[in-house]
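Residue 756 in the working numbering sits at position 269 of the sequence shown, with consecutive numbering throughout.
First the structure, in the form of structure tokens, and then the observations on it.
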Amino acid sequence: MVAGMKVDVRTAISKIAACICTFALVVGLSGCAFTTPFTTPSRAEVKPDPVDPMLSSPDLVKDGYLTVAMDSSNAPQALTDADGKPSGYYADVALALAERFGLNLKVVSASNAESSVGKGEADLFFGAKASDATDGIDVTGMLLDNGSAIFAKTADGSNEVPTLTVQGLSGATIAVQDASASQDALLRAGVDADFKICENVNKCFEALDSGEAKYVACDATAGSYLARAYPGVVFVGTISSVSSYGIALSSENTVLAAALDETLGDMVDGGILEAIHALWYGVTPLNLADSLLSGIVLTSETEEPAGDEGADGESTEGTDENGTEGGSSEDDYTISGDINSID
């Protein structure tokens, strides 16, 4: 020890401990600190914390279950997987909602709110428009926006959305289904383009990917779903008015309405709804209100968004990621477990 130097024992110990921690960190990062492989738990091993049921009979069609009706032919919002189980965006949102209610989920196939909620066969109907509300049925919340949209392939394969105006579409080759709402929207906008007519939206995206077309015009939802399979293909903007779809329920069921309002609000505020939307529709925004392509003027009284119950004739080939045809082979399904049980 150097004469005249005082040693603070606590400081010395602190410095030694810091050196040991630093060494351990370096060794750990090098992979030498673990003698056995480090793995994360599988989906099946991760179980959600139990939640006490928020609702019960007589406020539910079936005690212990949230019964949700949806149009199972409306892919990709609602479809079936390879095992015949309900899948799609609506099914995932319904399951997340049921979990927060502390209930199992039962999915019922129905074409509208009147034939399901109106007849007491479902607690909720997913995919209702505000205009579907009647004296006995209310429509609340916003699950999804849809309208005719433009998709493009970026030059560098990134997800960066290119800047485009309606004038930029003129003279370009646009893949579109013949006599569809999207084609009508382009014509109303005065777009003088070379239309590559395709039999379905799948073929439109194949044409875009191969370079046969510069753009695709189709439903925002169907296009966003398919675009995930093509690197660099992105949603650019809408070219028509937008329809919003929410949840229908009985006007008399005030208990369910209050629980739905609170829980769905929490899912929106917590980013849960947006996260589920991103799983099915990629980088396309959940809210399309501000996505209208520059230069588009909505003036027609007959303006009708794409995807309105097939009115535009636009369709995919009805397949999900597993190649499963859309549509339901069963009238209803029962689901228990966490949201990862629906792939």
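The C-beta atom is built at its ideal place from N, Cα and C for all residues, glycine as well.
- N-terminal and C-terminal residue of the alpha helix (DSSP H) that Q664 is part of: Q664 -> not in any alpha helix (DSSP H); beta strand (DSSP E) instead, spanning 660-664.
- Segments assigned alpha helix (DSSP H), at least 4 residues, entirely inside the stretch 550-616: 576-588
- Task: Measure the C-alpha to C-alpha separation of S559 and Y577 and round it to an integer number of angstroms.
- Result: 10 Å
- Query: Tell me which same chain residues have a C-beta within less than 8 Å of the C-beta of K606, skipping the five on either side of it?
  - Reply: none
- Query: Going along the chain, which residues of its own chain have a beta-carbon closer than 6 Å to the beta-carbon of P649, five neighbours each way excluded?
  - Reply: A639
- Message: Let me make sure I understand the geometry here. Which of A597, D568, F613 has the alpha-carbon closest to that of L584?
- Response: F613
- Message: Measuring alpha carbon to alpha carbon, tell me which residue in G634, A714, T627, T750 is nearest S738.
- Response: T627
- Task: Locate the beta strand (DSSP E) running through T627, then write down its first and last residues.
- Result: 624-633
- Buried or exposed: where does D610 fall if 16 or more other Cβ atoms within 10 Å of its Cβ makes it buried? buried
- Run the CB neighbour count on A745, radius 10 Å, all protein chains shown included, and call it buried at 16 or more, exposed below. exposed
- Query: Quick one: is D706 buried, meaning 16 or more other Cβ sit within 10 Å of its Cβ, or exposed?
  - Reply: buried
- Message: Quick check: L592 and L553, are their CB atoms within less than 8 Å of each other?
- Response: yes
- Query: In angstroms, rounded to a whole number, what distance separates the CA positions of A776 and E601?
  - Reply: 27 Å
- Message: I'd like to know whether the C-beta atoms of V688 and Q664 end up nearer to each other than 8 Å.
- Response: yes
- F692 and Y717: beta carbons closer than 8 Å? yes
- Message: Rounded to whole angstroms, what is the Cα-Cα separation between F588 and D753?
- Response: 12 Å
- Item | Reduced DSSP secondary structure (H/G/I, E/B, other) of K701 | coil
- Message: According to DSSP, simplified to helix, strand and coil, what is G724?
- Response: strand
- Task: Kindly give me the distance between the Cβ atoms of P573 and A562, rounded to whole angstroms, as I take these residues to be in contact under 8 Å.
- Result: P573 to A562, Cβ: 12 Å. No contact.
- A569 to T741, Cα distance in whole Å? 37 Å
- Could you check which residue in V604, L673, K616 has the C-alpha nearest to that of S635? L673
- Query: For N599, which residues of its own chain have a beta-carbon under 8 Å away from its beta-carbon, when the five flanking residues on both sides are left out?
  - Reply: D558, F612, A615, D619
- Return the first residue and the last residue of the beta strand (DSSP E) that L736 is part of. 730-737
- Query: Just reading off the beta strand (DSSP E) that D842 is part of, what are its end residues?
  - Reply: Here the chain has residues from 488 to 830 only, and residue 842 is not among them.
- Nearest-angstrom beta carbon gap, L695 and V720 [assumed within contact, 8 Å]: 6 Å
- Query: So what's T708 in DSSP terms, helix, strand or just coil?
  - Reply: helix
- For Y702, which of S543, V723, I783 has the nearest alpha-carbon? V723
- Give me the Cα-Cα distance between I624 and L656, rounded to the nearest whole angstrom. 42 Å
- Could you check where the alpha helix (DSSP H) with D671 kicks off and where it finishes? 668-675
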